DNA sequence: CTAGGTGCCTGATTGC
DNA sequence: TGCAATCAGGCACCTA
């Protein structure tokens with residue numbers, strides 16, 4: 167078990183963190199920011215600090231996999247966890263997370279007795295003080311939210327226009343959004359469709375099944391507060407694991423028996439990503 | 001426009 | 001044994 171390597175937060179994980187944060191830090195004032203990795207802050211550590219310290223947090227929103235911290239006065243911090251990012255709310259001066267790669271700390275007061283710790287082993291994540299263009303890109307440049315805005319019509323039209331492997335297209339954040347490797351693999355199993363098929367080769371019936379599969383697995387993930395899988399170690403903002411692992415049918419299960427047909431789950435590389443499927447159930 | 005490649009980063013794994 | 005090369009992974013950015 168690699169307990170602190172990759173967490174891969176997707177929509178259900180980021181939304182779970184968002185809810186945790188909303189209940190805990192809205193109303194708090196950022197009193198200081200610390201980092202040992204200034205590269206993770208943009209446009210610069212100095213500007214993030216200058217625009218954030220002294221400001222009250224008025225809302226915590228989410229768009230796709232991006233967290234949006236709205237500050238009093240209209241500025242917004244965009245936070246992306248990428249592969250290995252984690253946010254932990256901890257009491258100041260505790261050493262609970264000393265081995266968990268703390269990179270950025272927002273110190274808070276008034277409404278929150280907690281420190282906001284951004285931990286990230288890979289350092290791929292970021293905290294970005296968004297300008298208007300970046301804000302617009304996040305709000306309008308990403309694909310529709312799978313549970314709120316995604317329609318079957320758009321889904322089928324978008325698939326019909328592309329010859330890319332359908333899983334690669336589903337994970338394209340500009341066409342769709344919030345779907346990462348775990349939920350993509352599970353959606354294809356639910357739909358009984360092979361992820362390497364060219365997107366436009368899916369029949370209307372198959373693409374509708376996939377549409378429903380996406381909705382099903384994202385909802386399950388949300389209801390279970392995210393997936394903490396075998397080789398991952400996603401935690402919510404209070405350090406609790408998600409409960410969705412028992413719903414996984416194929417992700418990281420290569421070599422094991424399919425739960426439906428007793429065939430063997432296979433793994434292939436698709437667009438540089440591990441792709442898991444049952445060659446018997448999925449066509 | 002799309003398709004493909006690379007860089008970011010670190011720890012586990014594999015190769016010699 | 002020890003050390004170097006390889007790999008995974010979301011996404012930005014680059015080139016053809």
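Numbering (our numbering), first residue to last: 167 to 449.
Beta carbons are placed, not taken as given, at the ideal position from N, Cα and C, and that holds for glycine.
Remember, predicted model here, so these are calculated numbers, not experimental data.
Supposed close pair residue i, residue j - CB separation, criterion 8 Å
i: residue 178; j: residue 387; result: 3 Å
i: residue 355; j: residue 415; result: 5 Å
i: residue 407; j: residue 401; result: 6 Å
i: residue 442; j: residue 417; result: 6 Å
i: residue 269; j: residue 285; result: 6 Å
i: residue 372; j: residue 359; result: 5 Å
Strand pairing of residue i, partner residues [DSSP]
i: residue 234; result: 227 and 244
i: residue 433; result: 442
i: residue 208; result: 294
i: residue 331; result: 364
i: residue 198; result: 273
i: residue 253; result: 284
i: residue 425; result: Residue 425 pairs with nothing; no bridge assigned.
i: residue 323; result: According to DSSP, which records beta bridges pairwise, residue 323 is partnered with nothing at all.
Other residues of its chain near residue i: CB distance less than 8 Å, five sequence neighbours each side excluded
i: residue 226; result: 184, 187, 188, 191, 192, 233, 234, 235 and 236
i: residue 432; result: 420, 442, 443, 444 and 445
Contact set for residue i: own chain, Cβ-Cβ below 6 Å, skip 5 residues either direction
i: residue 426; result: 447
i: residue 350; result: 333, 336 and 337
i: residue 251; result: 286 and 291
i: residue 321; result: 377
Whole-angstrom distance between residue j and residue i, CA atom to CA atom
i: residue 275; j: residue 196; result: 7 Å
i: residue 440; j: residue 200; result: 35 Å
i: residue 385; j: residue 313; result: 8 Å
i: residue 298; j: residue 212; result: 19 Å
i: residue 403; j: residue 328; result: 38 Å
i: residue 217; j: residue 243; result: 10 Å
i: residue 423; j: residue 357; result: 18 Å
i: residue 182; j: residue 209; result: 27 Å
i: residue 223; j: residue 339; result: 27 Å
i: residue 352; j: residue 220; result: 44 Å
Contact set for residue i: own chain, Cβ-Cβ below 7 Å, skip 5 residues either direction
i: residue 305; result: 229
i: residue 170; result: Per-residue confidence for residue 170 stands at a pLDDT of 48, beneath the threshold of 50, marking its modelled position as unreliable; the derived number appears in the next sentence. Contacts found: 266, 287 and 399.
i: residue 341; result: 309, 324 and 335
i: residue 279; result: 257
i: residue 176; result: 231, 344, 345, 346, 348 and 349
i: residue 307; result: 340
i: residue 455; result: Residue 455 is absent from the structure shown; the chain starts at 167 and stops at 449.
Nearest to residue i (by Cα), restricted to the options the options
i: residue 174; options: 249, 245, 352 and 377; result: 249
i: residue 335; options: 363, 218, 217 and 428; result: 363
i: residue 206; options: 247, 221 and 242; result: 247
i: residue 450; options: 368, 293 and 295; result: The structure shown has nothing for residue 450, since the chain only spans 167 to 449.
i: residue 377; options: 319, 413 and 366; result: 319
i: residue 331; options: 321, 300 and 366; result: 366
i: residue 294; options: 180, 245, 240 and 372; result: 245
i: residue 436; options: 361, 253 and 271; result: 361
i: residue 282; options: 445, 405, 345 and 316; result: 405
i: residue 390; options: 381, 353, 412 and 254; result: 412
i: residue 271; options: 321, 203 and 438; result: 203
i: residue 238; options: 194, 438, 392 and 253; result: 194
i: residue 301; options: 241, 315, 438 and 260; result: 241
i: residue 316; options: 374, 198 and 289; result: 374
beta-carbon residue i near the ligand ATP non-hydrogen atom, thresh 7 Å
i: residue 405; result: Among the ligands in the structure shown, none appear at all, so the ligand ATP cannot be discussed.
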